[in-house]
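*Asks:* The sequence shown begins at 130 in this note's numbering and counts up one residue at a time.
All C-beta atoms in this analysis are idealised placements derived from N, C-alpha and C, irrespective of residue type, glycine included.
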Amino acid sequence: MRLLRASAVTLVLTLLLPWCGGSATGPAPRPPLIGAAAWSGQVVDGMPAPDPDSADPSEIAAFFDRLRPRRAEALAERFPFVVGNLDGAPITLRYAANRRAIGLERDRLRAVAADPTATASVRDSARHTSAVYGRLAGDDRPILVFDPRGRGRYAEVHGDLERAEHIAVMVPGTGIGLRSFDPRSGHVGTPGEMAGDLAAAQRRLRPDSVTAIIAWAGYDTPQALGVGAATATHAEAGAVLLRRLVDGLHAARAARDGATDADVVSVDRTGTEGTDGAGTSPHLALFCHSYGSVVCGRAAAGLAVRDVVVFGSPGVGADTAAELSTDARVWAALGPQDWIRHVPNVRLLGFGHGRDPSSVDFGARRVPAARVAGHDGYLRDGSDSARWFARISLDLVTEPYRSSSNRT
130 MRLLRASAVT LVLTLLLPWC GGSATGPAPR PPLIGAAAWS GQVVDGMPAP DPDSADPSEI
190 AAFFDRLRPR RAEALAERFP FVVGNLDGAP ITLRYAANRR AIGLERDRLR AVAADPTATA
250 SVRDSARHTS AVYGRLAGDD RPILVFDPRG RGRYAEVHGD LERAEHIAVM VPGTGIGLRS
310 FDPRSGHVGT PGEMAGDLAA AQRRLRPDSV TAIIAWAGYD TPQALGVGAA TATHAEAGAV
370 LLRRLVDGLH AARAARDGAT DADVVSVDRT GTEGTDGAGT SPHLALFCHS YGSVVCGRAA
430 AGLAVRDVVV FGSPGVGADT AAELSTDARV WAALGPQDWI RHVPNVRLLG FGHGRDPSSV
490 DFGARRVPAA RVAGHDGYLR DGSDSARWFA RISLDLVTEP YRSSSNRT
């Protein structure tokens, strides 16, 4: 038995160690959000302010629903870093708070960059980051998440999130943070770029559809291919945040549409039911690229979404779609030139993410990807997967694509 165990360990390490350079740590500890301490002592209209970390998004939605608009706006003005990141808060209020927060942080960094007492490296870093923030703050961009702590978290919306009938969430893989979110950062496969490509594909199919795509860099991704990417530590932490995002979208929509304490909000596990008050829940789909599919795999159980699409995936932490415990349709795409094909699909001793979700045995609906170039080309114009992703995001697919071929 010991010999078998030792042989298994040796085999796993032999397969995975070539992919395990870089940092072995999970997400770094984070200091409190700017203003969080003062926020925690607030009592507004007789109600204590909800805890940003522990309050359920439905509680946050109910808190803001009971506030007079002027009170809510004052909170966003005074505590922009907190309000802008509260899942369940009104969408337009979060946009306003994050515009203010990113402007404040940009101005602070510009002052650091001009400080002659700071070291050259500190000034250079501040100058570069303030320029990134300046680009992100421009053109009145709808920013849903802005958190400058650590490598940063950020989410931006393409479309009309308030009115959208179809909402897609783009969940990225390794190496994505505030500095690498924007396509102009030089980083390939950015969520901002993929969201823009999906929006263009949607317009080609249904130019009149009311849609929104959230480019979500809202978790601490592994910095690069390494031990962090070979384990689920980052994914488990990211899954908690992804679940809060989805729950917050439904809660904010229900509150906006008039749900009260007496209403029973009944978003079903597939996200297709409405509320028992006014309004309906949108069709919601997750698009999970590379390591982002590991995050989605950890978040999927019982999540109120209609579709989960994984592409360029190293595995989702399960060996079958049924193990995800979701009523959502599960889709998978893997291009013929994607280097992720060479990552071992094992799961042992905390390393690896399990079976290839595009394999027949996994049981996902398989998306055609024969014309996909590389690891980051799934949404580019001309790829067969881009059109299918647009159809899925618009809920236009009634029969799944089935292929007799397997991953080879």
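#1: In whole angstroms, what separates the C-alpha of residue 459 from that of residue 182?
#2: Under 7 Å from any heavy atom of the ligand MN, does the C-beta of residue 160 make it?
#3: Buried or exposed, going by whether 16 or more other CB atoms sit within 10 Å of the CB of residue 487?
#4: Residues in the same chain with beta-carbon distance under 6 Å from residue 216, minus the five sequence neighbours each way, listed in chain order, please.
#5: Would you mind listing the beta strand (DSSP E) stretches within the region 442-468 that are 3+ residues and don't spill past its ends, in chain order?
#6: Which class does residue 288 belong to by DSSP, given the choice of helix, strand or coil?
#7: For the region 491-505 against the region 269-286, are there 3 or more C-beta pairs whose distance is under 8 Å?
#8: Rounded to whole angstroms, what is the Cα-Cα separation between residue 167 and residue 160?
#9: Determine, using beta-carbon pairs with one atom in the region 288-307 and one in the region 343-354, whether at least three such pairs fall under 8 Å.
#10: Tell me whether the region 458-475 and the region 505-523 touch, counting them as touching only if at least three CB pairs, one residue from each stretch, are closer than 8 Å.
#11: Run the CB neighbour count on residue 235, radius 10 Å, all protein chains shown included, and call it buried at 16 or more, exposed below.
#12: Hey, residue 523 and residue 327 are a contact pair by Cβ (cut 8 Å); roughly how many whole angstroms apart?
#13: Going by the beta-carbon positions, is the gap between residue 503 and residue 449 smaller than 8 Å?
#14: With residue 454 and residue 431 assumed to form a contact (beta carbons below 8 Å), what rounded beta-carbon distance in angstroms separates them?
#15: Under a Cβ-count criterion, where at least 16 other Cβ atoms within 10 Å of its own Cβ denotes burial, should residue 323 be classed as buried or exposed?
#16: By DSSP, does residue 348 sit in helix, in strand, or in coil?
#17: Considering only the beta carbon of each residue, do residue 165 and residue 212 sit closer than 8 Å?
#18: Please state whether the Cβ-Cβ distance between residue 349 and residue 366 is less than 8 Å.
#19: Between the alpha carbons of residue 483 and residue 468, how many angstroms are there, rounded?
#20: Thinking C-alpha only, which one of 179, 224, 243 is nearest residue 78?
#21: Is the beta carbon of residue 514 less than 8 Å from the beta carbon of residue 440?
#22: Give the DSSP bridge partners of residue 343, in chain order.
#23: Excluding the 5 residues flanking residue 428 on each side, which residues of the same chain have their C-beta closer than 7 Å to its C-beta?
#24: Of the choices 291, 295, 265, 296, whose alpha-carbon is the least far from that of residue 283?
#25: Along the chain, where does the beta strand (DSSP E) containing residue 436 start, and where does it finish?
#26: Taking all protein chains shown into account, do 16 or more other C-beta atoms lie within 10 angstroms of the C-beta of residue 152, making it buried, or fewer, making it exposed?
#27: Closest by CA to residue 325, which one among 510, 526, 525?
#28: Can you give the Cα-Cα distance for residue 539 and residue 306, rounded to whole angstroms?
#29: Would you list the residues sitting across from residue 415 in a DSSP beta bridge?
*Replies:* So, from the listed chains and residues:
#1: 29 Å
#2: Inclusion of the ligand MN in the displayed structure is not the case, the ligand content being empty and no account of it being possible.
#3: buried
#4: 186, 373, 374, 377
#5: 458-462
#6: strand
#7: no
#8: 14 Å
#9: yes
#10: yes
#11: buried
#12: Incorrect: roughly 10 Å between the Cβ atoms, too far for contact.
#13: no
#14: 7 Å
#15: buried
#16: coil
#17: no
#18: yes
#19: 17 Å
#20: The chain is shown from 130 up to 537; residue 78 falls before or after that span and cannot be answered.
#21: yes
#22: 286, 298
#23: 368, 371, 372
#24: 265
#25: 436-440
#26: Bear in mind that the predicted position of residue 152 carries a pLDDT of just 47, short of 50, making it unreliable; the figure below should be weighed with that in mind. It counts as exposed.
#27: 510
#28: Any property of residue 539 remains undetermined from this structure, which presents the chain solely from 130 to 537.
#29: 298, 437
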